[in-house]
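Engineer: Structure incoming, see below.
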Amino acid sequence: MNILYLINYAGKAGTEKYVLNLMHILAGQGETCHLAYNVPGQLSETVSSEGFACFRFEMSTKKALSAAKKLAGYCRENKIDVIHAQYPMENVIAILSRLFYRKVKVVYTSHLTIYQNTKWKILNRLFTPFDHRIIAVCRQGADIMVSNGVKKDRIQVVYNGVEPKRERVYDRSFARDFGVNDDTFVMSIMARYAPEKGLPFLLASLAKLRRKTDKPFVCFIAGDGEEFDDFAVMSTNSGMSDRVIQLGFRRDSDRMLKASDLYLNTSSKNEAMSFAILEAMNAGVPLVVTDVGGNRDLAETHTVCGRVLKFGDSDGFSDAMLELMENDTLRAEYSANALKKVSEEFDLRKLALDVFETYK
Numbered sequence: 017m018n019i020l021y022l023i024n025y026a027g028k029a030g031t032e033k034y035v036l037n038l039m040h041i042l043a044g045q046g047e048t049c050h051l052a053y054n055v056p057g058q059l060s061e062t063v064s065s066e067g068f069a070c071f072r073f074e075m076s077t078k079k080a081l082s083a084a085k086k087l088a089g090y091c092r093e094n095k096i097d098v099i100h101a102q103y104p105m106e107n108v109i110a111i112l113s114r115l116f117y118r119k120v121k122v123v124y125t126s127h128l129t130i131y132q133n134t135k136w137k138i139l140n141r142l143f144t145p146f147d148h149r150i151i152a153v154c155r156q157g158a159d160i161m162v163s164n165g166v167k168k169d170r171i172q173v174v175y176n177g178v179e180p181k182r183e184r185v186y187d188r189s190f191a192r193d194f195g196v197n198d199d200t201f202v203m204s205i206m207a208r209y210a211p212e213k214g215l216p217f218l219l220a221s222l223a224k225l226r227r228k229t230d231k232p233f234v235c236f237i238a239g240d241g242e243e244f245d246d247f248a249v250m251s252t253n254s255g256m257s258d259r260v261i262q263l264g265f266r267r268d269s270d271r272m273l274k275a276s277d278l279y280l281n282t283s284s285k286n287e288a289m290s291f292a293i294l295e296a297m298n299a300g301v302p303l304v305v306t307d308v309g310g311n312r313d314l315a316e317t318h319t320v321c322g323r324v325l326k327f328g329d330s331d332g333f334s335d336a337m338l339e340l341m342e343n344d345t346l347r348a349e350y351s352a353n354a355l356k357k358v359s360e361e362f363d364l365r366k367l368a369l370d371v372f373e374t375y376k
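Under the numbering used here, the first residue of the sequence shown is numbered 17, with each subsequent residue one higher.
So, in structure tokens, the structure goes:
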């Protein structure tokens with residue numbers, strides 16, 4: 017099967033990881049995978065360096081028909097069977113491309129949990145009946161899509177996944193690299209410095225935790241973004257700069273997770289099925305997360321491996337961190353449960369094959 021993955025920005029976030037995982041696994045079983053994109057980034061560089069076919073073309077809602085013609089031309093030339101679109105705009109362009117090349121199917125994955133405006137609700141009602149299948153990566157995402165006008169009988173929930181590691185490897189060397197003593201409780205979070213990631217809420221919760229315990233702790237933040245410097249000022253002004261270590265973008269997040277006693281997620285919205293949380297679970301790190309998107313599916317549904325709190329409840333969030341800081345037995349239980357849950361429910365290869373079934 018010839019499969020084309022369609023994404024506007026081929027960068028370095030969770031959606032790009034989703035695409036790369038699918039390309040690796042499905043190419044490994046003999047399928048031919050292509051990448052089509054508009055804005056280059058880490059994904060397009062990686063895919064190109066690995067020898068996958070790539071097609072760069074301009075995409076925008078204002079020039080959707082022109083983009084659709086170019087996409088159809090590429091699909092015709094390369095005998096593409098399925099276009100797998102990653103966001104609403106890409107989905108519209110993919111469906112429009114069928115005006116010029118009818119042989120292709122369109123599968124669309126929704127990676128966000130956003131209530132869309134009236135314009136997009138109308139577009140969804142017009143276009144999504146022509147999708148072959150629509151994938152939601154969490155249950156809440158499926159419900160939100162229906163409220164956004166997406167055709168319900170096209171929707172199928174297929175979670176994101178990771179390659180199960182099945183055992184906890186605890187290694188403090190990453191923390192030592194930053195002068196953190198072995199008796200310090202280490203928390204971590206991977207997040208862009210963007211409003212929806214809730215990092216000011218994280219800071220407020222950590223400040224309350226500091227007032228509740230004498231135990232030394234630090235929180236590593238791995239990520240970059242437009243609010244990086246503003247957050248650094250906020251951290252200094254609140255007197256928390258000795259407890260919060262801003263790492264910037266890292267390629268060695270696995271080392272950070274091995275050194276972590278607790279993983280945090282403080283998103284306020286737009287979080288569907290977080291790859292970062294899955295990676296933390298796969299490292300056997302217990303969770304304290306906000307109740308958005310698929311976070312509850314990951315931390316509490318079926319097998320409990322963490323605590324879920326309402327965004328904005330800094331008292332509750334700090335209490336949950338404190339509980340897991342002080343209760344070694346509970347932390348060990350959640351660690352074992354996280355590994356078990358990844359193996360049983362979020363095995364990347366199984367879920368990739370579930371995605372492949374939607375192409376048929």
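For each residue, glycine too, the CB sits at the ideal point set by N, CA and C.
1) With a 10 Å radius around its C-beta and 16 neighbouring C-beta atoms as the bar for buried, classify Phe194 as buried or exposed.
2) Return helix, strand or coil for Phe73, following the three-state DSSP convention.
3) For Ile138, does the count of other Cβ atoms within 10 angstroms reach 16, so buried, or fall short, so exposed?
4) Leaving out the 5 sequence neighbours to the left and right, which residues in its chain are closer than 6 angstroms to Phe116 when beta-carbon positions are compared?
5) Residues in its own chain within less than 8 angstroms of Leu367 by CB, not counting five upstream and five downstream?
6) Assuming Ala348 contacts Cys321 under a Cβ cut-off of 8 angstroms, what Cβ separation, rounded to an integer in Å, is found between them?
7) By how many angstroms is the C-alpha of Ser330 removed from the C-alpha of Gly30?
8) Just to confirm, is the Cβ distance from Ser126 to Met161 under 9 angstroms?
9) Considering only DSSP beta bridges, list what Met377 is partnered with.
10) Helix, strand or coil for Asn94 per DSSP?
11) Do three or more CB pairs link the segment 184-193 to the segment 269-289 at distances below 8 angstroms?
12) Using DSSP with H/G/I as helix, E/B as strand and the rest coil, what is Ser283?
13) Could you give the distance in angstroms between the alpha-carbon of Ser163 and the alpha-carbon of Thr374?
14) Assuming Ala292 is part of the alpha helix (DSSP H), what are its boundary residues?
15) Within the chosen definition, does the segment 144-159 reach the segment 231-250 through at least 3 CB pairs nearer than 8 angstroms?
16) Exposed or buried, what is Asp147 when buried is set at 16 or more other beta-carbons lying within 10 Å of its beta-carbon?
17) With a threshold of 16 other CB atoms inside 10 Å of the CB of Lys432, please say whether the residue is buried or exposed.
18) Sorted by chain position, which residues of the same chain lie with C-beta nearer than 6 angstroms to Arg323's C-beta, five sequence neighbours on each side aside?
19) For chain D, is any of its Cβ atoms less than 9 angstroms away from the one on Glu212?
20) Is His318 helix, strand or coil by DSSP?
21) How should Asp344 be labelled, buried or exposed, when 16 other C-beta atoms within 10 angstroms of its C-beta is the threshold for buried?
22) Please classify Lys121: is it buried, with 16 or more other beta-carbons within 10 angstroms of its beta-carbon, or exposed?
23) Can you give me the C-alpha to C-alpha distance between Phe217 and Ile150, rounded to a whole angstrom?
Structural biologist: Considering the structure as presented:
1) The sequence position of residue 194 within the sequence shown is 178, counting from 1. It counts as exposed.
2) Taking the sequence shown and counting its residues from 1, the one referred to as residue 73 is at position 57. Correct three-state label for Phe73: coil.
3) Looking up residue 138 in the sequence shown gives position 122. So Ile138 ends up on the exposed side.
4) Residue 116 sits at position 100 when you count from the first residue of the sequence shown. Closer than 6 angstroms at the Cβ level, and outside the excluded window around Phe116, lie Lys85, Ala88.
5) Taking the sequence shown and counting its residues from 1, one reaches residue 367 at position 351. Within the same chain, Leu367 has close Cβ partners Val174, Tyr175, Asn176, Gly177.
6) Here residue 348 refers to the residue found at position 332 when the sequence shown is read from its first residue. Here residue 321 refers to the residue found at position 305 when the sequence shown is read from its first residue. Contact doesn't hold; Cβ gap of about 11 angstroms is too wide.
7) Position 14 of the sequence shown, counting from 1, holds the residue named residue 30. Position 314 of the sequence shown, counting from 1, holds the residue named residue 330. Distance between the alpha carbons of Gly30 and Ser330 is about 26 angstroms.
8) If you number the sequence shown from 1, residue 126 lands on position 110. If you number the sequence shown from 1, residue 161 lands on position 145. Yes, Cβ-Cβ distance for Ser126 and Met161 is below 9 angstroms.
9) There is simply no residue 377 to check, as the chain begins at 17 and stops at 376 in what is shown.
10) Translated into positions along the sequence shown, residue 94 becomes position 78. Of the three classes helix, strand and coil, the one that applies to Asn94 here is helix, per DSSP.
11) yes
12) Residue numbering aside, residue 283 sits at position 267 when the sequence shown is read from its first letter. Ser283 falls in the coil class under three-state DSSP.
13) For the purposes of this step, residue 163 is identified with residue 147 of the sequence shown, where counting begins at 1. For the purposes of this step, residue 374 is identified with residue 358 of the sequence shown, where counting begins at 1. Answer to the nearest angstrom: the Cα atoms are 22 angstroms apart.
14) For the purposes of this step, residue 292 is identified with residue 276 of the sequence shown, where counting begins at 1. Residues 291-298.
15) no
16) Numbered from its first residue, the sequence shown carries residue 147 at position 131. The residue in question, Asp147, is buried, as its Cβ has 16 or more Cβ neighbours within 10 Å.
17) Here the chain comprises residues numbered 17 to 376, so residue 432 is not present and cannot be evaluated.
18) Taking the sequence shown and counting its residues from 1, the one referred to as residue 323 is at position 307. Counting only Cβ-Cβ distances below 6 angstroms, and skipping sequence neighbours, we find Val304, Ala336.
19) Note that chain D does not occur in the displayed structure, where there is just one protein chain.
20) Reading the sequence shown from its first residue, position 302 is the one you call residue 318. Correct three-state label for His318: coil.
21) Here residue 344 is taken as the residue at index 328 of the sequence shown, counted from 1. By the 10 Å Cβ count, Asp344 comes out exposed.
22) Along the sequence shown, read from residue 1 onward, the residue named residue 121 stands at position 105. It counts as buried.
23) For this step, residue 217 is matched to residue 201 along the sequence shown. For this step, residue 150 is matched to residue 134 along the sequence shown. Between Phe217 and Ile150, the C-alpha separation is close to 33 angstroms.
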